[in-house]
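Note sheet for the following structure.
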Amino acid sequence: MAIGLLLALVSSASGLAQPLAVRAVIDALGVGDSLLPPVLVLCTLIAVSGVANGVNTYLLGRVGEQVVFGVRRHLSSRLVRLRVPELDARSPGDLISRATADTNWIRTAAALAPVQIVNGTVGLIGALILMAVLDLRLFGVTLIVLIVVGGIVRIVMPRIREATEHAQTSVGRVGSALDRALGASRTVKAAGAEEREQTIVERASAEAYEAGLLGARWNAVLSVVSEMALQVSFLIVLGVGGAFVAAGTLSVSTLVAFLLYLFYITAPLSELVRATTMIQQGLGAAARVSEVYKLEVEPDVDHTHAPSEKETVNAPALEFEGVRFSYPGREEVLRGVAFTVPAGSRVALVGPSGAGKSTIFSLLLRFYDATAGVIRLDETDIGSINRGALRSRIGHVEQDAPVLEGTLRENLCYAAPHASANRIAEVIRETHLSSLVERLPEGIDTQLGARGVTLSGGERQRLAIARAFLRRPGLLLLDEATAHLDARTEDALRDTLMGGTTHCTVFVIAHRLATVRDADRVVVLDRGYVRAIGNHEELIAHDDLYHELAVTQLQSG
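Going by mature numbering (1 follows the signal peptide of the UniProt record, and there is no 0), the letters in the sequence shown line up with residues -17 to -1, 1 to 540, in that order.
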C-alpha cells in the first residue's frame, strides 16, 4: 500500500507538471527557441505518469485481493463457529452474501479509495496552487465552482451509503431465496412450485434492483453536477481570460496552461468523488459484516482430542437432573426432565411428536444449553466441559443423515480424518456399505454430489452410522438411524448398534418396536415430562401412553 501511495504521488506530480511543460513548448515557439528540450521533458512526464499508473494498478489489485482474503478468512472462521441458536435464527443465503458480495465492496473501498483520495487530493491541491500562481483572478472563479461541488457531495454521500446498505441487504435476501429453492429442489419440482419460487426470487431481486437504482441515481447526480460545474467554469475562465488577454494583462501561454489545469482537475476531482462513493459503499458493506461479529460464537470447539485406534474408549454414564429448556420466545419444551443412562447400556427414548426428544440430543451436544437443571456425563456437568472435548466423545447420527459434497471417503472420515485404511474397511463391512463401494465407479473415492443426491435414503443412513463408528465414540446418539433401511439390513445393523459390539453407551430416539425391544431401558417422554421409565415388557403392561405408541406408531414403524 505504501508503494502504491508513492506511485500515486509520482503520477500526480508528473500530471501536474505537464501543463507547465506545454506552456514551455508554446513559449519556445513564440520566441523561436529549440523545441527539443521542452518536448523531451513533456514526453518524459507522460511516460513516467503512464508507467507509475500501470504499476500502481497491479499493486492495488494485489492489495485488494489480500484485503478480501483476510476479511473472508476471519469472517468464515467466525461463521463456522457461530452458536446453533444464531444459525437457526438466520438464513444461510444472507450469511453467505456477507462473506462474498459484501467483502467485494470492502475490498474496493480498502484498496482503491485510500490511493484515490491521496492521488486526488495531491492532484487537486497541486493544480489549485499552480492555478493560483498563474492567475489569482481566474483561480477565484474556479474556487467558487469547487465549493459548490463540495457542498453537493456532502449532501449526497450519506444517501449513497444508505442505498448501498439496502441493496446489500436485498442481495442477501436473493441468496436466501435461492438457497430455499435449490436446497429443496426435488420438493419444489415434485410440487410443481417452480413458478412460485421464481416469484420469490424475483421479488427479492426487484428489491435489490430498486435499491441499486437509487444508488445509481445519486451517483448520476454527482456526475452531472461535477461535469456541469467544470464546463461552466471553463466557459467563464475562457471568457474572462480572453478579455484579460485582449487587455494585455495575461499571456496566451498562461491562459492555455490555466485551461489545461482546469481540465486536469477533472481527473482528481472525479477520483475524490469516486473514492468517497467507494468509502460510503464500503462502510455500508462493513456494517453488514460487522453484524456477524456481534453474533455469539462457540469459543471452545478447537484443539480437540480424537481417540486413536489403539486407545481404549470408556462408555460413559449419563444423567439428567431437573433439566428445563425453552427455545427463544417459545414455551418450555422440557419441564424438569430427570433420568439416567447407565454406562455401556442401550437406552431408547420414545414419545409422541413434539415431546422434546430431539431437544434432549441438542442439549447433550451443547448446541443449546439447558435453562435449568444439570446434565452429567460420568458425574461431570457437561456445562463445564469444553464443547470440542465433549463432542469428540459423542457420535451423532441424525435422522436426515446429511451428506457433504465430496467423496465417499471424505464423508466417512469427516469426524475421524486420520482413520486408517484397515479401520475404514472394517467399518464399511460393519455397516453393510460394501455393495455401495463396489457399485460406485471410483469406489470409496467417488464424488457423491451435492447433499449426496446419488445415494438412496438407506445408503445415506448407513454412511452416517459408519461416520459415527469411525470416530469411536464413548456415547452414541441415534436419531432413528435405521428408518430408511430395508428389513434385512436393519436387522443386521440393529444387532450391531443395540448389541454389545459397539463398546459404547447407546442412546437412541426410537420409532420402531424392534429397536425398543432390544433396549435395556426405555424412557417415555410426553409434553416435556418424563412419564415413565422401564423395559418394554414393564411399560407395555403399566403405561397407557407407551401401550398406545407400541400399538400405533412403534408397531407401524
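Every residue, glycine too, gets a C-beta built ideally from N, C-alpha and C. The structure presented is a predicted model; accordingly, all values stated were derived computationally and were not measured.
Item, Value
"Check whether ALA160 and ALA194 have beta carbons under 8 Å apart", "no"
"Residues near GLU210 by beta carbon distance below 7 Å, same chain, minus five either side", "none"
"Validate contact between the region 371 to 382 and the region 400 to 416 using beta carbons, cut 8 Å, 3 pairs", "no"
"Nonlocal neighbours in the same chain, by C-beta distance under 7 Å from ALA524, ignoring five residues either side", "none"
"Length of the line joining the Cα atoms of ALA187 and SER253", "33 Å"
"8 Å Cβ shell around ILE377 - same chain, five flanking residues per side excluded", "LEU347, LEU348, PRO456, GLY457, LEU458, LEU459, LEU460"
"Proximity below 8 Å, CB of VAL239 to CB of VAL228", "no"
"Which of helix, strand or coil DSSP assigns to PHE344", "helix"
"Cβ contact (3+ pairs, closer than 8 Å) linking the region 268 to 279 and the region 71 to 90", "yes"
"Coil, strand or helix - HIS379 by DSSP", "strand"
"Sequence-distant residues of its chain with Cβ nearer than 8 Å to PHE217 (five each side left out)", "LEU242, LEU245, PHE246"
"Residues near VAL204 by beta carbon distance below 8 Å, same chain, minus five either side", "ILE135, VAL139"
"C-alpha gap between ALA212 and ALA94, whole angstroms", "29 Å"
"For GLN264, the residue or residues it bridges with in DSSP", "BP columns for GLN264 are empty, so no partner."
"Residue nearest to PRO299 in terms of C-alpha spacing, selected from VAL324, GLY366, GLU315, ILE79", "VAL324"
"Cβ-based neighbour list, SER80, same chain, cut-off 6 Å, excluding 5 preceding and 5 following", "VAL154, GLY155, GLY158"
"For SER74 and residue 562, the rounded distance between their alpha carbons", "Lying outside -17 to 540, the shown extent of the chain, residue 562 is not represented and no answer is given."
"Contact under 8 Å by Cβ, ALA353 with LEU508", "no"
"Validate contact between the region 445 to 452 and the region 391 to 404 using beta carbons, cut 8 Å, 3 pairs", "yes"
"Continuous beta strand (DSSP E) stretch holding LEU317: start and end", "315 to 324"
"Contained alpha helix (DSSP H) runs [length at least 4] in the region 71 to 111, N- to C-terminal order", "75 to 82, 84 to 94"
"Meets three-Cβ-pair contact criterion under 8 Å: the region 42 to 51 and the region 14 to 33", "no"
"As assigned by DSSP and simplified to three states, the class of HIS302", "The question names His, but residue 302 in the sequence shown is Glu. It is a strand residue."
"Neighbourhood of VAL171 by C-beta distance below 7 Å, restricted to the same chain and skipping five residues each side", "ALA164, GLU177, GLU180"
"Residue 568, enclosing beta strand (DSSP E) - first and last residue", "The question about residue 568 has no answer here: the residues shown for the chain are numbered -17 through 540."
"Given LYS340 as reference, the closest of THR232, VAL22, VAL128, TYR512 once Cα atoms are compared", "TYR512"
"Contacts around LEU528, its chain only, beta-carbon distance under 7 Å, and the 5 residues preceding and following it disregarded", "VAL507, ASP509, ARG514"
"Burial state of PRO282, where buried means 16 or more other Cβ atoms lie within 10 Å", "exposed"
"Own chain residues within Cβ distance below 8 Å of ARG318, not counting five before or after", "ARG307, ARG510, GLY511, TYR512"
"Within 8 Å, strictly: CB atoms of THR91 and MET261", "yes"
"Bounding residues of the alpha helix (DSSP H) (the contiguous stretch that carries PHE490)", "Where PHE490 is concerned, there is no enclosing alpha helix (DSSP H), although the beta strand (DSSP E) it sits in stretches over 488 to 492."
"Opening and closing residue of the alpha helix (DSSP H) in which ARG392 lies", "391 to 395"
"Beta-carbon proximity check, ASP428 vs THR390, cutoff 8 Å", "yes"
"Same chain, Cβ closer than 7 Å to THR249, neighbours up to 5 away in sequence not counted", "LEU213"
"Alpha carbon of THR295 to alpha carbon of ALA189, nearest angstrom", "Bear in mind that a pLDDT of 48 at THR295, under 50, signals an unreliable position, so the number given afterwards is only what the model happens to contain. Going by the C-alpha atoms only, they are around 59 Å apart."
"VAL534: first and last residue of the uninterrupted beta strand (DSSP E) it sits in", "First-last for VAL534: undefined, no H or E at that position."
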